[in-house]
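Student:
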Amino acid sequence: MRIVKKQIEFSEYDSIDQLTEQEQSLLSQAIEVAHTAYAPYSNFKVGAAILLKNGEIVIGNNQENIAYPSGLCAERVAIFHAGATHPNEPISTIAIFAESETMPVDTPITPCGACRQVIMEYRQKQSTPIRVILKPQKGKIWIFECVTDLLPFAFDLKGLKNQN
Numbered sequence: 043m044r045i046v047k048k049q050i051e052f053s054e055y056d057s058i059d060q061l062t063e064q065e066q067s068l069l070s071q072a073i074e075v076a077h078t079a080y081a082p083y084s085n086f087k088v089g090a091a092i093l094l095k096n097g098e099i100v101i102g103n104n105q106e107n108i109a110y111p112s113g114l115c116a117e118r119v120a121i122f123h124a125g126a127t128h129p130n131e132p133i134s135t136i137a138i139f140a141e142s143e144t145m146p147v148d149t150p151i152t153p154c155g156a157c158r159q160v161i162m163e164y165r166q167k168q169s170t171p172i173r174v175i176l177k178p179q180k181g182k183i184w185i186f187e188c189v190t191d192l193l194p195f196a197f198d199l200k201g202l203k204n205q206n
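Have a look at this one:
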């Protein structure tokens, strides 16, 4: 037996002012779209803004449903929107913002497992990294240079090919 370690790396910023203008703009759009999320049950609103390689920005927010599994996270709303409207345009960065009216959100909220897998699917499809920017209502901002740091053991095509 041997122990194998896998490390991740991310950058931490104290303020949005420390980010580049492009990152600030992308994050501002994620914040703005979070305010219009449909979250009447959890009061937990999430906004996502995706920067495409061509410079266009695609947005999405979480959409809840009384039958909880029927809702959809902001990240998947945005990424599926990008995939439907810009099917061949690579994704450069996704910025994600979370807020709540009922509890403090003071640490970055990472995407759920399903959203991580979906973002990874697009990273694998385009064969280039997808940066991830995470910002809570108040607190530090985290930037991951690639979604692989959030899902180091993603399910991928290699896993399917090994089954044959």
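Take the sequence shown: its letters are residues 43 to 206, numbered as in my numbering.
Heads up, the beta-carbon is just placed ideally off N, CA and C, and yes, glycines get one too.
Please classify Leu176 as buried or exposed, where buried requires at least 16 other C-beta atoms within 10 Å of its C-beta.
Tutor: Its Cβ being crowded by 16 or more others within 10 Å, Leu176 is buried.
Student: If the criterion is Cβ atoms closer than 8 Å, does the pair Ala76 and Asn103 meet it?
Tutor: Yes, they are a contact pair.
Student: Alpha helix (DSSP H) containing Ile73: first to last residue?
Tutor: Here the alpha helix (DSSP H) through Ile73 covers Glu63 to Ala76.
Student: Output needed for Lys180: all residues of its chain with C-beta closer than 8 Å, excluding positions within five of it in sequence on either side, in chain order.
Tutor: Correct list, in chain order: Pro146, Val147 and Asp148.
Student: Between Lys182, Ala109 and Ile161, which has its C-alpha nearest Gly125's C-alpha?
Tutor: Ranking Lys182, Ala109 and Ile161 by Cα distance to Gly125 puts Ile161 first.
Student: Bridge partners for Tyr55 per DSSP, in chain order?
Tutor: The partner list for Tyr55 (beta bridge, DSSP) reads Ile183.
Student: In the DSSP output, what is Ala196 paired with across the bridge?
Tutor: For Ala196, which the question treats as bridged, DSSP gives no partner whatsoever.
Student: Got a sec? Which residues, its chain only, sit under 6 Å from Glu143 by beta carbon, not counting five neighbours each side?
Tutor: If we look at Glu143 and ignore the five residues flanking it on each side, its Cβ neighbours are Asn85.
Student: In or out: Thr62 buried (at least 16 other Cβ within 10 Å) or exposed?
Tutor: Looking at its Cβ environment, which holds fewer than 16 other Cβ atoms inside 10 Å, Thr62 is exposed.
Student: For Asn199, collect the residues of the same chain with a Cβ closer than 8 Å to its Cβ; drop the 5 residues on either side in sequence, then sort them by chain order.
Tutor: The residue you asked about is not Asn; residue 199 is Leu in the sequence shown. Around Leu199: Gln166.
Student: Would you mind listing the beta strand (DSSP E) stretches within the segment 125-165 that are 3+ residues and don't spill past its ends, in chain order?
Tutor: DSSP runs (the beta strand (DSSP E)) wholly in the segment 125-165: 133-142.
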